[in-house]
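*Asks:* Got a structure for you, questions after.
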Amino acid sequence: MPDFIQYQVFLTPEAAQPLLTLLRQQEIPFETSFDQHAFDVTFAYNSTRTQFVVKLRQQDFDTARALETAVSEQLTASVAPDHYLFNFSDEELFDLLAKPDEWSNFDVTLAQQLLRKRGRDVSPDAVRLLRQHRAAELARPEESQKAWILAGYAFALLGGLIGLFIGWHLASHKKQLFDGRQVRAFSAADQAHGWRILGLGAVSIIGWTFLRWYTA
49 MPDFIQYQVF LTPEAAQPLL TLLRQQEIPF ETSFDQHAFD VTFAYNSTRT QFVVKLRQQD
109 FDTARALETA VSEQLTASVA PDHYLFNFSD EELFDLLAKP DEWSNFDVTL AQQLLRKRGR
169 DVSPDAVRLL RQHRAAELAR PEESQKAWIL AGYAFALLGG LIGLFIGWHL ASHKKQLFDG
229 RQVRAFSAAD QAHGWRILGL GAVSIIGWTF LRWYTA
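For reference, each letter of the sequence shown is one residue, going 49 to 264 in the numbering used here.
Structural data, given as structure tokens:
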């Protein structure tokens, strides 16, 4: 069975109902959950706020976005003239188009229409290129986790489970891009340190366990 991965995040279940109704009508399988940000060794995302997450199969992402866009195009016909996007510059609107995961589909659709009216190129190819550039930036590995690498080796030598956890996180942690793809969060060098920390931690735990048993 295909894995369901995060498609869109909402602050409340109520805010997600229009999307869920659309998915049910089009018979697109989905799952929902209340999630908290997972532990991140970098502490870049350390909020404990619970969020309502809608999950889809990756192959359904484009279909769902197309359906949302079709609905949004109808809604933009009656948008209020004082909508905040009317005050956005072209650069801000293009930035919005590049980040469909951070804005509602209605905002993305309206931004595209506003740019088109201003004579800017918002063809499918232009938008795709914008998002490819952003995906490439997001896919870059995080900065080297030197402090955590040192801590991992230290805890591993002491035979602590914390060292194993740090090693496992560095070696295997992935981050999800807005198009559903998952990539390694850390550089190949940091991943290698993670595997070494795992190996050292396992050996240390065995050694400390044997030493305690031998001296008991």
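Note that beta-carbon positions come from the ideal geometry of N, C-alpha and C, so glycine has one too.
#1: How should N135 be labelled, buried or exposed, when 16 other C-beta atoms within 10 angstroms of its C-beta is the threshold for buried?
#2: Once you ignore the five residues that flank L115 on each side, which residues in its own chain have a CB closer than 7 Å to its CB?
#3: Rounded to the nearest angstrom, how far is the Cβ of V170 from that of Q180, given a contact under 8 Å?
#4: Report the residue ranges of all alpha helix (DSSP H) runs contained in full by the stretch 150-187; include only those spanning at least 4 residues, in chain order.
#5: Rounded to the nearest angstrom, how far is the Cβ of S120 from that of N153, given a contact under 8 Å?
#6: Determine which residues share a DSSP beta bridge with R137 and list them.
#7: Any idea what DSSP makes of L123, helix, strand or coil?
#8: Would you check if the distance between the CB atom of T124 and the CB atom of L162 is smaller than 7 Å?
#9: Counting only the same chain and skipping the five closest in sequence on each side, list residues whose C-beta sits under 8 Å from that of A237.
#10: Between the Cα of V175 and those of L67, V102, D143, spot the shortest distance and give me the residue it belongs to.
#11: Does F82 pass the burial test, meaning 16 or more other C-beta atoms within 10 Å, or should it be called exposed?
#12: According to DSSP, V251 sits in a beta bridge with which residue or residues?
#13: For Q224, which residues does DSSP report across the bridge?
#14: When the Cα atoms are used, what is the spatial distance from L104 to A64?
#15: State the DSSP-derived secondary structure class of D108, mapped to helix, strand or coil.
#16: Can you give me the Cβ contacts of L205 inside the same chain, cut-off strictly under 8 Å, excluding the 5 residues immediately before and after it?
#17: Output the boundary residues of the beta strand (DSSP E) element that contains T98.
#18: Relative to the ligand GDP, is the shortest distance from any of its heavy atoms to the C-beta of I53 smaller than 6 Å?
#19: Quick check: the Cα distance between A92 and Y262, rounded to an integer number of angstroms?
#20: Once DSSP output is grouped into helix, strand and coil, what is the label at T263?
#21: By how many angstroms is the C-alpha of G207 removed from the C-alpha of A250?
#22: Suppose the cutoff is 7 Å on Cβ atoms and the five residues either side in sequence are ignored; what does the same chain contact list for I228 look like?
*Replies:* The short version:
#1: Position 87 of the sequence shown, counted from the first residue, corresponds to residue 135. Its Cβ having fewer than 16 others within 10 Å, N135 is exposed.
#2: Indexing the sequence shown from 1 puts residue 115 at position 67. Result list for L115: L70, Q74, in chain order.
#3: What you label residue 170 is simply residue 122 of the sequence shown in a count that begins at 1. What you label residue 180 is simply residue 132 of the sequence shown in a count that begins at 1. Contact check for V170 and Q180: beta-carbon distance about 15 Å, past the 8 Å limit, so the pair fails to qualify.
#4: With a minimum length of 4 residues, the continuous alpha helix (DSSP H) runs that stay inside the stretch 150-187 are 153-165, 172-187.
#5: Taking the sequence shown and counting its residues from 1, the one referred to as residue 120 is at position 72. Taking the sequence shown and counting its residues from 1, the one referred to as residue 153 is at position 105. Indeed, because the Cβ distance is near 5 Å, the residues count as touching under 8 Å.
#6: One-based indexing of the sequence shown puts residue 137 at position 89. Residue identity check: residue 137 is Ser in the sequence provided, not Arg. Answer is none; S137 lacks a bridge partner.
#7: The count along the sequence shown starts at 1 and reaches residue 123 at position 75. In the three-state scheme derived from DSSP, where H, G and I count as helix and E and B as strand, L123 is classed as helix.
#8: Along the sequence shown, read from residue 1 onward, the residue named residue 124 stands at position 76. Along the sequence shown, read from residue 1 onward, the residue named residue 162 stands at position 114. Not a contact, by the Cβ cut-off of 7 Å.
#9: Taking the first residue of the sequence shown as position 1, residue 237 is located at position 189. Only S192 meet the Cβ criterion.
#10: For the purposes of this step, residue 175 is identified with residue 127 of the sequence shown, where counting begins at 1. It is D143.
#11: Stepping through the sequence shown from its first residue, residue 82 is reached at position 34. By the neighbour-count rule (16 or more Cβ atoms within 10 Å), F82 is not buried but exposed.
#12: By 1-based counting over the sequence shown, the position of residue 251 is 203. Under DSSP, V251 forms no beta bridge with any residue.
#13: Residue mapping note: residue 224 aligns to position 176 of the sequence shown, counting from 1. Q230.
#14: For the purposes of this step, residue 104 is identified with residue 56 of the sequence shown, where counting begins at 1. For the purposes of this step, residue 64 is identified with residue 16 of the sequence shown, where counting begins at 1. The C-alpha of A64 is placed about 13 Å away from the C-alpha of L104.
#15: Position 60 of the sequence shown, counted from the start, is the residue given in the question as residue 108. DSSP places D108 in helix when its eight states are reduced to three.
#16: Position 157 of the sequence shown, counting from 1, holds the residue named residue 205. Within its own chain, the residues whose Cβ lies closer than 8 Å to the Cβ of L205, once the five positions on either side in sequence are excluded, are G211, L248, S252, listed in chain order.
#17: Numbered from 1 along the sequence shown, position 50 holds the residue referred to as residue 98. Going by DSSP, T98 is part of no beta strand (DSSP E) at all; its letter is neither H nor E.
#18: In the structure on display, the ligand GDP does not appear, and there are no ligands present to speak of.
#19: Stepping through the sequence shown from its first residue, residue 92 is reached at position 44. Stepping through the sequence shown from its first residue, residue 262 is reached at position 214. Interpretation of A92 is limited by its pLDDT of 47, a score under 50 that renders its predicted location unreliable; the figure taken from the coordinates is listed afterwards. Take the alpha-carbon of A92 and the one of Y262: they are about 43 Å apart.
#20: Within the sequence shown, the letter at position 215 stands for residue 263. Of the three classes helix, strand and coil, the one that applies to T263 here is helix, per DSSP.
#21: Translated into positions along the sequence shown, residue 250 becomes position 202. Translated into positions along the sequence shown, residue 207 becomes position 159. Their Cα atoms are separated by approximately 8 Å.
#22: For the purposes of this step, residue 228 is identified with residue 180 of the sequence shown, where counting begins at 1. Ile is not the amino acid found at residue 228; the sequence shown has Gly there. Sequence-distant partners of G228 (beyond 5 residues in either direction) whose C-beta falls short of 7 Å from its own C-beta, in its chain, are I53, Q106, F109.
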